Amino acid sequence: MARDRIFGMSFASIYPLYVQKVERKGHTTAELDQVLTWLTGYDDAGLLQAIDSGVDLETFFAQAPAMNPNVSLIKGVICGYRVEDIEDPLMQQIRYMDKLVDELARGKKMTSILRGSAPVAR
Numbered sequence: 003m004a005r006d007r008i009f010g011m012s013f014a015s016i017y018p019l020y021v022q023k024v025e026r027k028g029h030t031t032a033e034l035d036q037v038l039t040w041l042t043g044y045d046d047a048g049l050l051q052a053i054d055s056g057v058d059l060e061t062f063f064a065q066a067p068a069m070n071p072n073v074s075l076i077k078g079v080i081c082g083y084r085v086e087d088i089e090d091p092l093m094q095q096i097r098y099m100d101k102l103v104d105e106l107a108r109g110k111k112m113t114s115i116l117r118g119s120a121p122v123a124r
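Heads up: the sequence shown at position 115 corresponds to 117 in our numbering, and the numbers run straight through without jumps.
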């Protein structure tokens, strides 16, 4: 089975694209980081370390301190696929991340993005 090219992409190459996307829609890097930390369990220092070290997405998710137990509540379509129906666990995690960033950029309320979790003050 061929390995998806996206698995080898560095988190450091994707993160600035996420920043551009959310800032273009009037949101902040802090909000983006809050969404990413909710999903992966990384803290701000961990995200920065992942960016600085240039880890690929496969490593980024493999080293994630704790995927949020509520990820199964993330539903919907991203890149033409329903995230809840993606069979490859790593691809599903990547698409969960894409979905959350899209929801932030579209202006969805943070409590909805975080699937009912209270937003943490930053």
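Just so it is clear, CB atoms sit at the ideal spot from N, CA and C, and this is done for glycine as well.
Since the model is a prediction, treat every value here as computed from it, not as a measurement.
Buried or exposed (CB count within 10 angstroms, at least 16 for buried), Thr42
Counting Cβ neighbours within 10 Å, Thr42 comes out buried, since at least 16 surround it.
Given this structure, state the Cα-to-Cα distance separating Tyr98 from Ala107, to the nearest angstrom.
When rounded, the distance between both Cα atoms is 14 Å.
Quick check: the Cα distance between Asp45 and Asp90, rounded to an integer number of angstroms?
Asp90 has its alpha-carbon roughly 25 Å from the corresponding atom of Asp45.
Could you tell me how far apart the beta carbons of Gln95 and Met69 are, in whole angstroms, since I believe they sit closer than 8 Å?
Your pair Gln95 and Met69 checks out as a contact, with CB atoms roughly 7 Å apart and the cut at 8 Å.
Could you name the residues of the same chain whose beta carbon sits closer than 7 Å to that of Ala14, not counting the 5 residues immediately before and after it, in chain order?
Within the same chain, Ile53 and Gly56 come within 7 Å of Ala14 by CB-CB distance, once the 5 residues on both sides are set aside.
Rounded to the nearest angstrom, what separates Ala66 and Phe9 at their Cα positions?
Those two C-alpha atoms are separated by around 15 Å.
On the DSSP bridge list, what partners appear for Asp46?
According to DSSP, which records beta bridges pairwise, Asp46 is partnered with nothing at all.
Cβ neighbours of Phe62 in the same chain (closer than 7 Å, five flanking residues each side left out):
Closer than 7 Å at the Cβ level, and outside the excluded window around Phe62, lie Phe13 and Ala52.
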